[in-house]
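**Student:** Protein chains in written order, with our numbering: chain A, 65 to 454; chain B, 979 to 1428. Positions of the beta carbon are idealized from the N, C-alpha and C atoms, including for glycine.
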């Protein structure tokens, strides 16, 4: 450890002001702070500080996501061999899955971090750790057969247009990882929707439709996978979204560590479940032919990207509502919107992405009214005091 | 007895080195008054180096608010008038005499005195600055009519002194102080107590006050929180507040007829061998107080508590309002992969370090490292967990950052002070200097309103 520290100290002057590699200052700082927590001490204000920092926060989110990724890798392999009707072992599944998924992860990180470093350098900022999470999320929300160049393009779009043009980390309006997904969704609709992309190198004869796709084409409910398959994730879909069980486990971890907002997670589920229940009641009355309205309400929570969106996407602290009251409203509306789009919109099978992006845009407005209520309350107190004194 | 107000959003930080209930007498060889202890004071010095002063002789007054006058806490010789960059007055240092002499302000019975006469006596003796006001946390203006006066009788900050112990056997003086204060306002005197306070405490025997009971973690003892819960400040209103030792000093001015600057100071912190109380005076030099009582290593000396105190050096002076010295280890070291380690010894509000497995009563040795680099404000909902006001802290801070006066006022800046944001600063993942920011906001606001 001492040797590494000595080496870092030795090369440090080259990267500081006036040094040979001064233009690489941010990059050096990023690597140095990765290796060592800096020796910077407090000067005024609180003399002691919590050990929690941005690196810890972000690495905890990545840690929560690891089981989802590992399962996703396995499931990509499993679905592939299943479609071909071939018996496969655990290791065959994992190797095939890793072959498909890891390149996407590498491309997402390389492109995203490359751009992040370049922007930090340009602005003379520290490199923010936020992309460690975004870069991990992107592979988990794309179909396993997404071409790598599309991943690269989408990541670049998300970082530059979704984040940096607004001023970088902490300033963005919408969730960067979802921006990447939305870019793919709207830029390459032929390539990345339908029934063929959800299973990597699928056999042609095999259907490969996701439960959401099946419902969109009004297939009977009985043709859906079992609820337990959908809950544990043995279904086709985007790489990380299928296992609701592992997603909830990760969510629980984030709630216990105090990083993820339980208010948002809970209210998204509540909103979605509530509206689905309402559809159950109204369905037979208004649209008996719509099988989507008739599915058990909890199916919505275990199908598609609902759980993943609720736990990892809606909770992004920068693009979500920031006040506690606002978080409830924001979450409920996401759940409601997602189910609304799924059931009533004939074009898109999945509504989660659009629901979150839409509410990202409305989050500042929600906060505005919540804060405004607080201001009004204070003003009222002031006016009451004025009347009392006169 | 009124009902208890329970504070839920907060955090107790348990540190090693709490002061034992024993008192050592220490005579420091130097004392000082530091204008920096008072916000917004522009000192005009009345003495020169080499001058003889008594305890209670005036040292300086404020150029713009001439009612603010500061007196010498001891009798002796002005040793040095220390100035810093741009000739800013840092310290007026006094070398004390062996035998203390006091300016005599008379022992006239205050019951027969008018409010003006009482105020005049407090101003001329340099005792007035003991009273501070909210908003802005500056020295009170005697021309104001405060709507109430608040005294917090307990301190919940880390390693805080025990005011029950400090004030013991001084009931008569304390009552005199309270009686004087009640002559200064037509409003109430709020004596804010911790729930379950020992009946031996002198506070329980006071008359002419309203008792309020509080419970819960830090910042339950902060007067700002208490004001917010009992009688929040509206625009244009002023409340005054004092700490128990300041009430004692005011009481002694009237019972003894002199500025008696004696004070019990809690000497605390993990780097002190025997943490205990010392009896000294306002502005004492800490060198003699800490002699032979310090551990090895690079140390941080703080006048006040670890969350809000001022950094002073090894031979620095205790601040005017402080009842505590804290000595902590400096944190100027690199820690390899520190952000990734399990962290059994790393006290954290979050549960991401395994220190949460320990009992809540475990005492920690914390240093002054920032534990991370400065980053963008990303996390939300974090500040609210330790900020028990009906105020949106992040929104208020952002209003200060962009210097939006109207938004600051709307969001409740009159009700807060730096110290109310100390815990917010402590847990902040982005490592922003939040207390400095709050002070900037208060100064801006004060300038705007005057």
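Between the stretch 1360-1367 of chain B and the stretch 1396-1406 of chain B, do at least 3 Cβ pairs fall closer than 8 angstroms?
**Tutor:** Touching, per the Cβ criterion.
**Student:** Any residues in the stretch 106-131 of chain A with a beta carbon nearer than 8 angstroms to a beta carbon of chain B? Which ones, in chain order?
**Tutor:** Listed in sequence order: 106, 107, 108, 109, 110, 111, 112, 113, 114, 115, 116, 117, 118, 119, 120, 121, 123 and 124.
**Student:** Please confirm if residue 442 of chain A has its CB atom under 8 angstroms from at least one CB of chain B.
**Tutor:** Judged by the 8 angstroms Cβ criterion, residue 442 of chain A is in contact with chain B.
**Student:** Which residues of chain A have a Cβ atom closer than 7 angstroms to the Cβ of residue 1318 of chain B, listed in chain order?
**Tutor:** Near residue 1318 of chain B (Cβ distances below 7 angstroms), the residues of chain A are 123.
**Student:** To the nearest angstrom, how far is it from the Cα of residue 423 of chain A to the Cα of residue 1387 of chain B?
**Tutor:** Going from the Cα of residue 423 of chain A to the Cα of residue 1387 of chain B covers about 29 angstroms.
**Student:** Could you name the residues that DSSP lists as bridge partners for residue 266 of chain A?
**Tutor:** Paired residues: none, contrary to the question.
**Student:** If the cut-off is 8 angstroms on Cβ atoms, which residues from the stretch 1408-1422 of chain B count as contacting chain A, listed in chain order?
**Tutor:** Listed in sequence order: 1408, 1409, 1411, 1412, 1413 and 1414.
**Student:** Residues of chain B with CB closer than 9 angstroms to the CB of residue 297 of chain A, please, in chain order.
**Tutor:** Those within 9 angstroms of residue 297 of chain A in chain B number zero; the least Cβ separation is about 26 angstroms.
**Student:** Could you have a look at residue 1274 of chain B and say whether DSSP puts it in helix, strand or coil?
**Tutor:** Three-state DSSP puts residue 1274 of chain B in coil, outside helix and strand.
**Student:** Let me know if residue 1094 of chain B comes out buried or exposed under the rule of 16 or more other beta-carbons within 10 Å of its beta-carbon.
**Tutor:** Exposed is the call here.
**Student:** Pull up the CB-CB distance for residue 1245 of chain B and residue 997 of chain B, whole angstroms please, since I reckon it's below 8 angstroms.
**Tutor:** Confirmed, about 6 angstroms.
**Student:** Just checking: is the beta-carbon of residue 386 of chain A within a distance shorter than 8 angstroms of some beta-carbon in chain B?
**Tutor:** It does; some Cβ of chain B falls within 8 angstroms.
**Student:** Considering Cα atoms alone, identify which of B/1319, B/1203 and B/1059 is closest to residue 117 of chain A.
**Tutor:** Of B/1319, B/1203 and B/1059, the residue nearest in Cα terms is B/1319.
**Student:** Put residue 386 of chain A into one of helix, strand or coil per three-state DSSP.
**Tutor:** Looking at residue 386 of chain A - three-state DSSP - the assignment turns out to be coil, as it is neither helix nor strand.
**Student:** Can you tell me whether residue 275 of chain A is helix, strand or coil according to DSSP?
**Tutor:** Residue 275 of chain A falls in the helix class under three-state DSSP.
**Student:** Could you check where the alpha helix (DSSP H) with residue 293 of chain A kicks off and where it finishes?
**Tutor:** Residue 293 of chain A -> alpha helix (DSSP H) spans 291-296.
**Student:** Please report the distance separating the alpha-carbon of residue 128 of chain A from that of residue 315 of chain A.
**Tutor:** Going from the Cα of residue 128 of chain A to the Cα of residue 315 of chain A covers about 7 angstroms.
**Student:** Got a sec? Which residues, its chain only, sit under 6 angstroms from residue 1069 of chain B by beta carbon, not counting five neighbours each side?
**Tutor:** So the list reads 1010, 1012 and 1060, once near-sequence residues are dropped.
**Student:** Tell me the DSSP secondary structure of residue 1039 of chain B in three-state form.
**Tutor:** In the structure shown, residue 1039 of chain B sits in a strand (DSSP, three-state: E or B).
**Student:** How is residue 1171 of chain B classed by DSSP in three states: helix, strand or coil?
**Tutor:** Strand.
**Student:** Taking C-alpha atoms, which residue in B/1166, B/1023 and B/1308 lies nearest to residue 1274 of chain B?
**Tutor:** Here the closest residue by C-alpha is B/1308.
**Student:** What residues are listed by DSSP as bridge partners for residue 435 of chain A?
**Tutor:** According to DSSP, which records beta bridges pairwise, residue 435 of chain A is partnered with nothing at all.
**Student:** On the DSSP letters alone, give me the boundaries of the alpha helix (DSSP H) that residue 89 of chain A sits inside.
**Tutor:** Element bounds for residue 89 of chain A: 89-99.
**Student:** By how many angstroms is the C-alpha of residue 1335 of chain B removed from the C-alpha of residue 363 of chain A?
**Tutor:** Those two C-alpha atoms are separated by around 38 angstroms.
**Student:** What would DSSP say about residue 1389 of chain B, mapped onto helix, strand or coil?
**Tutor:** If DSSP states are grouped into helix, strand and coil, residue 1389 of chain B belongs with coil.
**Student:** Taking C-beta to C-beta, are residue 1279 of chain B and residue 1305 of chain B nearer than 8 angstroms?
**Tutor:** Result yes, Cβ atoms of residue 1279 of chain B and residue 1305 of chain B sit closer than 8 angstroms.
**Student:** Measure the alpha-carbon distance for residue 232 of chain A versus residue 447 of chain A and round it to whole angstroms.
**Tutor:** Using only the alpha carbons, I get a separation of about 41 angstroms.
**Student:** Looking at the secondary structure, which residues open and close the beta strand (DSSP E) in which residue 1003 of chain B lies?
**Tutor:** It spans 998-1003 - the beta strand (DSSP E) in which residue 1003 of chain B sits, taken as one unbroken run.
**Student:** In chain E, what lies closer than 7 angstroms to residue 233 of chain A by C-beta?
**Tutor:** No chain E appears in the structure shown, which is made up of the protein chains A and B.
**Student:** Opposite residue 1240 of chain B in the DSSP bridges: which residues?
**Tutor:** According to DSSP, which records beta bridges pairwise, residue 1240 of chain B is partnered with B/1259.
**Student:** With a Cβ-Cβ cutoff of 8 angstroms, do residue 397 of chain A and residue 335 of chain A count as a contact?
**Tutor:** Their beta carbons are under 8 angstroms apart, which means residue 397 of chain A touches residue 335 of chain A by this criterion.
**Student:** How would you write the range of the beta strand (DSSP E) that residue 1193 of chain B sits in, first residue to last?
**Tutor:** Where residue 1193 of chain B is concerned, the enclosing beta strand (DSSP E) stretches over 1188-1193.
**Student:** What does the Cβ neighbour count give for residue 411 of chain A, buried or exposed, with the cut at 16 atoms within 10 Å?
**Tutor:** When all chains shown are included, residue 411 of chain A counts as exposed.
**Student:** Residues of chain B with a CB under 7 angstroms from the CB of residue 321 of chain A: which are they?
**Tutor:** Correct list: 1328, 1329 and 1330.
**Student:** Thinking C-beta only, is residue 1392 of chain B closer than 8 angstroms to residue 1213 of chain B?
**Tutor:** Yes, they are a contact pair.
**Student:** By DSSP's criteria, residue 1111 of chain B is part of a beta bridge. Which residues make up the other side?
**Tutor:** Looking at the DSSP assignment, residue 1111 of chain B forms a beta bridge with B/1116 and B/1218.
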